[in-house]
Amino acid sequence: MQHAIVFPLTTKRRPQLAFHIRRCSSPTGVQSVPVELMSKIFTFASYSPHDIHDAIIQPIAISHVCSHWRQISLSTTSLWTMIFLALPLSSNQLTRTMTWLLRSRNRPLHIHMDFRDPSWNWDETSHSFGWKAMENIMRLLLPQAQRWQCIELLTDTWAPIFTFLSYTARVKSVPLLQNMRLARCNEYFVAKGEPFRPAGLALPIAWFSGGAGLCGLRQLSLSGVHIDWKNSGLRGLKEL
């Protein structure tokens, strides 16, 4: 049973690691491996910067192999730093996010949110993900702003991004934030000559206390997104 769980975690990307984990699958073998080494192996096996789904599934699978592995994985804070939320948004996703925030303790967070809906009918008011849903997420994530290292927010409409910007306006400092991508993935509304919609939310927002808290930001991508550029606090960027 242990082989059936461990093997898919490693052979696709790390065949050399599969051999070492199989050797540790017996009770006597796994007990002899130092906890610190096991923790590093788990982190290495779970590292998947180009596959967010994989980075979420791997720690879960590892933590369900046996009680010993579970004890080690739950104490390995680096396994639980990837936060991923997407449509259709469910209570399970929010519960998982709260669990990951607790297990990662004080580790820097990588937060990826994809709220694009392929079935959307292009009506701003009818989208399945609106400002209220985004507000609930921000209330969950905002207390952890000191740990944000990477933020990605992809939406079809403006309301969720407006909510994100509005909530971050009250954040005084995000010392670890290095990479941020905000995208309103809707080419029609960002086309040249098109009026901004919704018109009532057109005024720019001075995010992160007028930009005072963005001292560490190095990579920024804004697509279909406008901010208060005079109070953006952008300096020292390597990519814009």
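Note that my numbering has the sequence shown beginning at 1043, numbered continuously upward. Heads up, the beta-carbon is just placed ideally off N, CA and C, and yes, glycines get one too. Since the structure is predicted, the reported quantities are computational estimates derived from the model, not experimental observations.
- A straight-line Cα-Cα distance of about 16 Å links V1107 and K1082.
- Membership of L1196 in any alpha helix (DSSP H) is not indicated; the residue belongs instead to the beta strand (DSSP E) covering 1190–1197.
- One thing to note: L1183 has its Cβ no nearer than 7 Å to the Cβ of F1157.
- A direct Cα-Cα distance of roughly 45 Å separates R1145 from P1237.
- A Cβ-Cβ distance of about 6 Å is found for the pair Q1220 and Q1191, placing them in contact under the 8 Å criterion.
- Runs of beta strand (DSSP E) with 3 or more residues, each lying fully within the region 1124–1184, are found at 1124–1128, 1151–1157, listed in chain order.
- About 5 Å separates the CB atoms of S1251 and K1214; that is less than 8 Å, so the two are in contact.
- Minimum Cα-Cα distance from I1099 among the listed residues A1254, F1084, Y1209, L1256 corresponds to F1084.
- Using a Cβ-Cβ distance cut-off of 8 Å, the region 1116–1124 and the region 1160–1178 are not in contact, since fewer than three pairs of beta carbons, one from each stretch, lie closer than that value.
- For Q1113, the enclosing alpha helix (DSSP H) covers residues 1109–1117.
- Three or more Cβ pairs drawn from the region 1242–1257 and the region 1274–1281 lie within less than 8 Å of each other, which places the two stretches in contact.
- Under the DSSP assignment, L1262 falls in the beta strand (DSSP E) whose first and last residues are 1261–1265.
- By the Cβ-count criterion, G1235 is exposed, with fewer than 16 other Cβ atoms from all chains shown falling within 10 Å of its own Cβ.
- Secondary structure note for A1201: its alpha helix (DSSP H) is the uninterrupted segment 1200–1210.
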